[in-house]
Amino acid sequence: MSSLSLTRVLQPRKTSLELERENFEKFQAVSISKAVNSVENPVKEKHVRSAILGTFRERNGEVFWNCVSRLPLQENRIVAWKFCHMLHKVLREGHPQVIAQSLKHTGEIADLGKLWGHLKEGYGKLIQQYCQLLLAKLDFHRRNPAFPGNLIVSAEDLEKIGDNDINNYFQISVEMFDYMDEILALQGAIFGSLDRSRSNSMTSAGQCRLAPLIPCIQDSSQLYDFCVKILFKLHASLPPDLLSGHRQRFLKQFNELRQFYLTASTLQYFKTLIQIPLLPDTAPNLLIQAELRSYVSPVVVLPPTPTSEVGELVDFADSGTSNNGSMSPDILVQRDNLIEQLQAEISDQREAIANLQKTVIELREHVADLELQLATKESELSQEKAVKEDLLLQTEAAAKYPDVEKRAKTMEEKFNKLKEVYTKLREEHIQLIRQKADVDKQLASVKNIEFETNERTKLEEELMKLQATADAATEQNEALVCKVEWACNEKAIIESELQDVLAQRNEMESRIKQVEDERDNHLRALIERCRVIVSNSVDQVDNPAASAITCTPEYLSSVKDRFLLALESFQFSKPIDVSTLSCYAALFIIHAKATSNMAPDLDMGERMAVMAKEVGEECNKILVALHKDLLASLDLSPLRGKISELSALGNAIQTGESPESLGDLVENELAQMDKAIEEAALKMEAMLSQSRKEDSGIKLEVNEKILDSCTNLMKAIRVLVQKSKLLQAEIVAHSNTSSLGAKEFYKRNHQWTEGLISAAKAVGSSAKYLLDAADQVVCENGQLERVVVAAQGVAASTAQLVVASRVKADRQSDNLAALSAASRDVTHATGTVVATSKACRILVQDSEDQLDIASLSLHQAKRLEMESQVRVLELESGLEKERMRLSALRKHHYQLADDKAS
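Residues 1 to 902 in full-length UniProt numbering are what the sequence shown spells out, letter by letter.
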C-alpha cells in the first residue's frame, strides 16, 4: 500500500492546459469518428461543424489530420466516401491554415483514390472521382492563395487578385475551367450510379451519395460567376478569335451545370437543405459587352443552423466524472470555457447572419432595379426572339432576318440624310467665311478712307452697317460650327449603332448557319435510318418465316388509310414527318405480305408480294431524293398508285365478295363519277352567273377568277374521264376474254377492277369537295386555302385513275397517249387553280390592309402598332390551338382505325 501511494505521489500531475488539450483532442476524435462511420447514411452536420470549430480553436488542421489518420480509410468504402465529404466541408469552412496544411497530404489523398479506383462498381469510382476533385481544389488554392476555401470574394477583391493584368485573368480562367470540370465529372458519376427507377433521394443509401453535392453546388456557383465576369473582361481586351477555345469550353460547362442544377432541384432531399439557383435558358453572349449589365449572379442559400444543435456539439457523456458521479473542478472549468467560446461563436454567427440578411436585402433591391431596367427592354427582346424563330424556319438568307436588315437600312438612310445635312452646312459655312472675308476687306478699305478724308457722317453709317453685317455673319458662323459639331457627333453615334447592328447580324447569321447545318445533318441521318427501316421491311417479304403470318384484308385496308394520311401529311411538312412515313410504309408492306398468305391461289399471293416490294422501292426512291435535297419537289403520285393497286389486290381476297357483280359496279361507279363531274361543272357556271348579277368590285373579280379556273379544271377532268373510258374499252376489246363480254373480263381481273372502282370513287368525291369549297368562297366568304387543297385532291385522285387505267393498257396505244395528255392538262389546270387562289388571296389582303400611313400622327401610329402586335399574338395563339386540335383529331382517327381493325 505504501509503495502504491508513493508511486501516485511521485507521478507528475498534468496541468489544466494539458488536460484541456487532451480533452479537446478526445472530443475531436469522437466527433470525427461519429461523422466518418461505416453506416451508409449522410454525414451528420453537427459532427462536421464540431470538426470545423476545432480548426478555428487550434487555428490549424493538425488535430483534424491526426484524428483522420487513425480511420480505416483503406478498409471500408463508406468510411472513405464520408472522409472525402468531410474533408471537402473542412477545406471550405474551416480555418484558412487547413488548406495550407492539407497540401502536405495530397499524396495520401491521391493514393486513396487510386486504391478505390480498382473497384469498378459502387463507391469505388465515386471515391476516385472525389479524390481528383479534392486534389484539383487544393491545387487551385495553391496557385491562387488569395481565394478563400469557400471561394467567396467581392468584386473589388477579384480585381485585386487579377491585378488588372489580362495575362493573370487568362490563366485564372483556365484553372477555374479545370476545377469546374472535376465538379461536373463528380456529379455526373453520382447521378449515373443511382437507380433511376427508385426514389433514391429519400433512402439512406441514396442520401449518402447525394450529400456531397451540396458543397459541389456551392463551389460551382462561385466558379461560374467568376468565369462569366473574367471572360467578359478578356473579350473586352483580346480578339474574339483568340478566345474561341474559352467560349467553347464555357458553353459546354454552362449546359452541363444548368442540367446539374435542374436535376438536383427536382430531388426532395435537397428541398430543405439548400436553395439551388437556376441558370438562364441560354448562356451569356460573351461577344456583346452590353449583356454583362443584364447578368445576374447565381446565389446559393443555405438554411441557418438551429441554435439547439450548438449544445449538441458538446458531448459530456464520456468527459470524465468522479467516482461519486460529480464532475471534477478542472472539467467544470473546461466546460465553462468551451460554453463561453461557443457563445462567442454564436454571437459572431448571428452578426454574420444579420450582415448576410442586409446583403440579401441590398441584392433584392439591386435585382428590383435590374428588373425595372429589363422591363423597358422586354418588347425589344420579344421582337428579337420572334425574329430568331423566323430565321430558324426560313431557308433563304434574305428572308431570315428582315428586322435586322430593315434596321440596318433605316440606320443607313438616317446616316445618308445626316451626311447630306452635314455637307449642306459645310458649304454654307464656307460661303459665310468668304462673305466675312469680303466684309473684312470692305472694313479695311473704309478705315483707309476714314483716315484719308475729313468727311465723317456718311461713311460712319456705312461702317456701322458693315459692322452689323460682320457681327451677324460671325453669329451665323458660330451657329453653323455648332450644327456641324452636332452633326459629326450624331454621325459617330449612328456609325457606332450601325456597327453594333452589323455585328449582331453577322453573329445571328453564323448561329443560324450552324443551327441549319446541325438540323440538316440530323434530318439526313434520320432519313437514312428511315430508308433502312423500309429496306428491312422489303427484305422481310422474301423471308420464309414471313409465310407463317396472316392478316385480314380489312386490317390491311385500315393500315392503307393511315399510310395515305401519313403520306398527305408528309407532302405538306417534309421532311419533318419522314419517320412517320417510313414507319407506316414498313407497316403496310409487312401486312401486305401477311395478307398475301391468305390469297386463294399462289399467283395472287405472289403478285401481292411483288407489289409490296415495289411499294417499298418507290418509297425508298423518295427517301433517296430527299436525302440529296431536303427541299426537293417530290412526285408522290407513283407511290399512291402502287398503294392503290396493292390495296385492290388485298380487297379481292375478302370473303363473301362476288366478282360477278364487279362489271355492273364498274359501270355504276363510272356513270356516277361522270354525273358528279357534270353536275359540278353546271353548278359552277350557275354560281358564276349569279355572282355577276349580285357582286361587284374585288369580290366579283375574285369570284370570276376562282370559278373560271375551277370550271376549266372540271372540263379537263371530263376530258380525262372520257379518254379513260375509251382506254378501258380498248383494254376489254384486246383481252383474251373479249368474246365473253366486259363483265367476264372484270370478273377475271377483279383486282384491277377494284383499283379502278376505288379511283372512280375518289374522283367523284374530290370533284364534290372542290364544288363545296368554291361555293363557300363565292357565297359565304370561305377560305381560299380550301380551294387549293380541293384542287390538289382532284389532281391526286385523277392520277390514281390514270395509274389504274394504265396498268393493263398497251404502251403503244393511241388512247393511252391521249389519256396521258389529258392527265397533263388536268395537272396544268390544277396549277392554274392554285396560282389563281394565291393571287386572289393577295388581292383580298391588299384591299383589306390598305392604310394611309403618311397621314398618321405619332400617337395613331403607336396605337395601330400595338393593335397589330395584339393581333399577331392572337393569331399565333389561334394557330397553336388549331395545331393541337389537328393532333387530337389525328390521334382519334388512328384509334378509331385500330378499334375497327380489331
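The beta-carbon is built from N, C-alpha and C at its ideal position, and this holds for glycine as well.
Here the structure is a predicted model, which means the values were calculated and not measured.
Please classify residue i: does DSSP put it in a helix, a strand, or coil?
i, result
"Q74", "coil"
"S154", "coil"
"L889", "helix"
"S326", "Only weak support exists for where S326 lies, its pLDDT of 39 falling under 50; the value from the coordinates is given anyway. Looking at S326 - three-state DSSP - the assignment turns out to be coil, as it is neither helix nor strand."
"Q783", "coil"
"L39", "A quick correction: the sequence has Val, not Leu, at residue 39. Correct three-state label for V39: coil."
"Q812", "coil"
"V301", "strand"
"P306", "With a pLDDT of only 49 at P306, under the threshold of 50, the placement of this residue in the model should not be trusted; the figure read from the coordinates follows. Coil, per DSSP."
Residue i and residue j: beta carbons closer than 9 Å?
i, j, result
"A599", "V538", "no"
"S823", "A790", "no"
"V833", "L713", "yes"
"S691", "E678", "no"
"A80", "L112", "yes"
"residue 904", "L286", "Given that the chain is displayed from residue 1 to residue 902, the structure contains no residue 904 and the question cannot be resolved."
"I717", "V610", "no"
"H246", "S173", "yes"
"K593", "I549", "yes"
"P544", "T595", "no"
"V300", "S201", "no"
"L223", "L292", "no"
"residue 949", "K761", "Absent from the model: residue 949. The displayed extent of the chain is 1 to 902, so no value can be given."
"L587", "F563", "yes"
"D577", "S569", "yes"
"K82", "V36", "yes"
"A759", "V732", "no"
"I230", "L184", "no"
"G61", "F27", "no"
"M608", "L639", "no"
"W752", "E645", "yes"
"L257", "L279", "yes"
"A796", "V787", "no"
"A632", "A767", "no"
"L763", "L801", "Inspection of the sequence shows that residue 763 is occupied by Val rather than by Leu. Cβ distance < 9 Å, so V763 and L801 count as in contact."
Can you give the beta carbon distance from residue i to residue j, rounded, assuming they're within the 8 Å contact cut?
i, j, result
"C131", "A110", "7 Å"
"M86", "V39", "14 Å between Cβ atoms; not a contact."
"V702", "C840", "5 Å"
"I214", "I274", "5 Å"
"I533", "S582", "5 Å"
"C67", "A29", "5 Å"
"H95", "W65", "Their Cβ separation, rounded to whole angstroms, is 13 Å, which puts H95 and W65 out of contact at 8 Å."
"N620", "R531", "6 Å"
"A136", "E108", "With 8 Å as the limit, A136 and E108 do not qualify as a contact, their Cβ atoms being about 16 Å apart."
Check for me: the alpha helix (DSSP H) holding residue i runs from which residue to which?
i, result
"N703", "697 to 733"
"R247", "244 to 265"
"E45", "45 to 58"
"C208", "204 to 210"
"V98", "97 to 102"
"I190", "166 to 193"
"D111", "106 to 117"
"Q218", "213 to 237"
"E645", "637 to 651"
"V63", "62 to 68"
"F147", "Unbroken run through F147: none, as it is neither H nor E."
"C583", "578 to 596"
Evaluate the contact criterion for the segment 803 to 822 versus the segment 879 to 893: three or more CB pairs, one atom per stretch, below 8 Å.
Touching, no.
Is it a yes or a no for the segment 108 to 124 touching the segment 173 to 182, going by three-plus beta-carbon pairs under 8 Å?
no
Report yes or no: do three or more beta-carbon pairs, one from the segment 136 to 144 and one from the segment 91 to 111, lie closer than 8 Å?
Note that the segment 136 to 144 touches the segment 91 to 111; at least 3 beta-carbon pairs, one per stretch, sit closer than 8 Å.
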